[in-house]
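Numbering (my numbering), first residue to last: 70 to 173.
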């Protein structure tokens, strides 16, 4: 599957999810670009919040208030979220580069 196809499929899936979340909007997809920006901002905030929770649990472990299993679980969840964000970023950059290589 080529990069433009992957990017197109990802955009269409995101558009469908947004449309399902906002059924009052018209079928033509008249949305502003702030929706995508908000979606990215929320994803970043989620990863940051998970990182902070992991840090708090690690501090709790040092203080003797948190179980080791909880700390390891929180760190693993944060790692997965961060890896997912990096993968999405890499795919977006790859799709952008492919679009820039297209002849006009």
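The beta carbon of each residue, even a glycine, is placed where N, CA and C say it ideally should be. Just so you know, these numbers come straight off a predicted model, no measurement behind them.
_Segment contact, 8 Å Cβ cut-off, at least three pairs: the region 115-129 with the region 140-149_ = Touching, yes.
*Determine the direct distance from the alpha carbon of residue 112 to that of residue 173, and round the result to whole angstroms.*
Stepping through the chain shown from its first residue, residue 173 is reached at position 104. Stepping through the chain shown from its first residue, residue 112 is reached at position 43. When the Cα atoms are used, residue 173 and residue 112 turn out to be separated by approximately 33 Å.
*Are the beta-carbon atoms of residue 109 and residue 151 separated by less than 9 Å?*
Translated into the one-based positions of the chain shown, residue 109 becomes position 40. Translated into the one-based positions of the chain shown, residue 151 becomes position 82. For the pair residue 109 and residue 151, the CB atoms are not nearer than the 9 Å cut-off.
*Buried or exposed: where does residue 153 fall if 16 or more other Cβ atoms within 10 Å of its Cβ makes it buried?*
Within the chain shown, numbered from 1, the residue matching residue 153 stands at position 84. By the 16-neighbour rule on beta-carbons within 10 angstroms, residue 153 is exposed.
*Can you say whether residue 174 is buried or exposed, counting buried as having 16 or more other CB atoms within 10 angstroms of its CB?*
Because the chain spans 70 through 173 in this model, residue 174 falls outside it and cannot be assessed.
*Using CA coordinates, which residue listed in 114, 129, 160, 105 is at the minimum distance from residue 147?*
The count along the chain shown starts at 1 and reaches residue 147 at position 78. Here the closest residue by C-alpha is 114.
_Can you tell me where the alpha helix (DSSP H) holding residue 169 begins and where it ends?_
Translated into positions along the chain shown, residue 169 becomes position 100. 137-170 is the span of the alpha helix (DSSP H), which, as asked, contains residue 169.
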